[in-house]
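Working notes, beginning with the structure itself.
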DNA sequence: ATTGCTATTGATAAAAGTTGCAATAAGGAG
DNA sequence: CTCCTTATTGCAACTTTTATCAATAGCAAT
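Protein chains in written order, with this note's numbering: chain A, 1 to 139; chain B, 140 to 278.
Below is the structure:
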């Protein structure tokens, strides 16, 4: 977590504060990679933090671009450090997961930008499909 | 709702049943377009249906491809008839929404399929960005 | 160091969403 | 039309997420 001093400065420049709670959550995500709010709470609640704070902090950090939100398509969110952000491809039969390079979507996003005039920030997308194994098994 | 007999046959062929509850929910989505579980519950609860049934039915119909799940990026889901499915582009400053033609993602999806071997069904994606108005205002 | 402003947290309650199980009812078979 | 199987529902308890508000604690300024 070498980036903490920089993050702290960023927040302060925007009128926000760095707190032990925010640090704990960043640490948990640094160690855990890709976690749901409940998983994060399990990792940090021995410090006395409440669920409400976990949810609020995650929303705050994501709103400030420090975390990325990953949606698993079931309505439950997972969070990760933005520096490690990537998209997911999940097999809806066996649940196998693959990472998707953001670059693979770049041209589609450029197309959408030119057609809509929006300036798009893709965030974290989850795609669903059938992996090769499940495709051959269903033949 | 001219498609009900066809949907009923599809479900029965898979060993499932068509029920008044499922019909009410399909009707609500036909009338309402794009609704959250709570909005759907408000429209159908006078029939005596419980929240649990609403949630289970939505998941069931989506799992059978009859509904599409739209994720607004905040972890809350909205549902729509698959026949009316489209993607969304939302301005994260003013909330303005635009529909995105599924065709605009087609080539990116073909690229992902060829690189990963997965057979992808895109589902419903939500993109975030800044609309033209908000871009010019922030200059 | 101390002070003051106010962003942030914890506590609490409410809302939204999920799960297990017994009772009900869709619909195929006779 | 009646029976039977079992998919589906309602009920109730439970988990997850959000909102409110008073108390706390960053941190800029003195």
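Just so it is clear, CB atoms sit at the ideal spot from N, CA and C, and this is done for glycine as well.
From a predicted model like this one, the values you see are computed outputs, not experimental measurements.
Have a look at the DSSP bridge pairing and note the partners of residue i.
i	result
residue 226 of chain B	B/239
residue 220 of chain B	B/206
residue 126 of chain A	A/88
residue 248 of chain B	Answer by DSSP bridge pairing: none, since residue 248 of chain B is not bridged.
residue 121 of chain A	B/267
Rounded to the nearest angstrom, what separates residue i and residue j at their Cα positions?
i	j	result
residue 34 of chain A	residue 144 of chain B	44 Å
residue 104 of chain A	residue 110 of chain A	11 Å
residue 53 of chain A	residue 37 of chain A	10 Å
residue 254 of chain B	residue 97 of chain A	14 Å
residue 102 of chain A	residue 257 of chain B	17 Å
residue 203 of chain B	residue 142 of chain B	15 Å
residue 71 of chain A	residue 275 of chain B	30 Å
residue 245 of chain B	residue 153 of chain B	29 Å
residue 51 of chain A	residue 11 of chain A	22 Å
residue 155 of chain B	residue 269 of chain B	44 Å
residue 26 of chain A	residue 233 of chain B	29 Å
residue 76 of chain A	residue 215 of chain B	8 Å
residue 121 of chain A	residue 170 of chain B	32 Å
Sorted by chain position, which residues of the same chain lie with C-beta nearer than 8 Å to residue i's C-beta, five sequence neighbours on each side aside?
i	result
residue 29 of chain A	35, 40, 67, 79, 80, 81
residue 90 of chain B	The structure shown does not extend to residue 90 of chain B, since chain B is modelled only from 140 through 278, so no value can be given for it.
residue 123 of chain A	68, 69
Using a C-beta to C-beta distance shorter than 7 Å, which residues of chain B count as neighbours of residue i?
i	result
residue 33 of chain A	Residues of chain B passing the Cβ test: none, with the nearest at roughly 19 Å.
residue 88 of chain A	Residues of chain B passing the Cβ test: none, with the nearest at roughly 11 Å.
Is residue i a contact residue of the ligand ATP, with contact defined as CB to any heavy atom under 7 Å?
i	result
residue 133 of chain A	For the structure depicted, the ligand ATP is absent and the ligand set is empty, with no information on it obtainable.
Quick one: residues in its chain with C-beta nearer than 7 Å to the C-beta of residue i, no 5 flanking neighbours on either side, listed in chain order?
i	result
residue 160 of chain B	188, 192, 196
If I measure Cβ to Cβ from residue i and keep anything under 6 Å in the same chain, skipping five residues before and after, which residues do I get?
i	result
residue 127 of chain A	89
residue 92 of chain A	128
residue 47 of chain A	24
residue 86 of chain A	99
Would you mind telling me which residues of chain B sit closer than 9 Å to residue i, beta carbon to beta carbon, in chain order?
i	result
residue 100 of chain A	251, 254, 255
residue 91 of chain A	257
For residue i, which residues in chain B fall below 8 Å Cβ to Cβ?
i	result
residue 94 of chain A	Per Cβ cutoff of 8 Å: no residues; residue 94 of chain A is ~11 Å from chain B at best.
Next item on the list: Check distances from the C-beta atoms of the stretch 105 to 119 of chain A to those of chain B and list, in chain order, the residues that come in under 9 Å.
Entry: 105, 106, 107, 108, 109, 111, 112, 113, 115, 116, 117, 118, 119
Notebook entry, point to check: Given a limit of 8 Å on CB to CB distance, which residues of the stretch 259 to 274 of chain B reach chain A?
Noted result: 259, 260, 261, 262, 264, 266, 267, 268, 269, 270, 271, 274
Checklist line | Interface residues of the stretch 7 to 24 of chain A facing chain B [CB-CB below 9 Å] | finding: none
Check: What residues in the stretch 205 to 216 of chain B have a beta carbon less than 9 Å from any beta carbon of chain A?
Finding: 208, 210, 212, 213, 214, 215, 216
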